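Here is the structure we will look at.
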Amino acid sequence: MVGVVALYTARQLLLLFALLGAAAVGLAIREWRATYPELADRLEGVDRRPETNTGRSVDRRTDPEHTLPAADPGPVDLNSATPDDLARLPGVGPSLAARIVERRQSGGTFRSIEDLRRVKGIGSVKLERLRHLVTIVE
């Protein structure tokens, strides 16, 4: 074995084993979920409130106060909305609403809806979810 050149460095081998380990864990979780679907659903619902009188469980992460009412007159104007107005949008909580207002105050008014991408916590997926719920009025 003398003279055999190693194909990978120790650091590369460590990274390779870490990636293989992560893949193995992912496959094991997928297999476990397929074997025990009821238990997996119950564990995913741990962070939800108990069922209400309507029979629906309420997710603590999306509090009913933070959704747009059905009779909302229209999209929320990013340049004049209060933090409370913004926090009613789905997926926007009080801290993200405060960051949107802070960005508006420090960087000037929003010129397009795409400017929301400059706010920490708003990526392309969240922007697409909010696109039809917000507007820019100059």
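Numbering (numbering that gives the first Met the number 0), first residue to last: 0 to 137.
Beta carbons are placed, not taken as given, at the ideal position from N, Cα and C, and that holds for glycine.
A quick note: this is a predicted structure, and the numbers were derived from the prediction, not measured.
Span separating the alpha-carbon of residue i from that of residue j
{"i": "Ala17", "j": "Val100", "result": "41 Å"}
{"i": "Asp114", "j": "Glu30", "result": "42 Å"}
{"i": "Val136", "j": "Ala86", "result": "19 Å"}
{"i": "Leu6", "j": "Gly20", "result": "20 Å"}
{"i": "Leu67", "j": "Ala80", "result": "With a pLDDT of 48 at Leu67, under the threshold of 50, the predicted position of this residue should be treated as unreliable, though the coordinate-derived value follows. When rounded, the distance between both Cα atoms is 13 Å."}
Residue i, buried or exposed, once every other Cβ within 10 Å from all chains shown has been counted against 16
{"i": "Ala23", "result": "exposed"}
{"i": "Leu77", "result": "buried"}
Interface flag, residue i vs chain D, CB-CB below 9 Å
{"i": "Ser79", "result": "The structure shown contains no chain D; it is built from a single protein chain."}
Given residue i as reference, the closest of the options once Cα atoms are compared
{"i": "Phe109", "options": "Thr34, Thr134 and Gln11", "result": "Thr134"}
{"i": "Gly90", "options": "Arg128, Leu15, Ala33 and Ala9", "result": "Arg128"}
{"i": "Val118", "options": "Val124, Ser111 and Arg98", "result": "Arg98"}
{"i": "Lys125", "options": "Arg41, Gly106, Leu95 and Asp40", "result": "Leu95"}
CB contact flag (residue i, residue j, <9 Å)
{"i": "Leu26", "j": "Leu88", "result": "no"}
{"i": "Gly122", "j": "Arg116", "result": "yes"}
{"i": "Pro82", "j": "Pro93", "result": "yes"}
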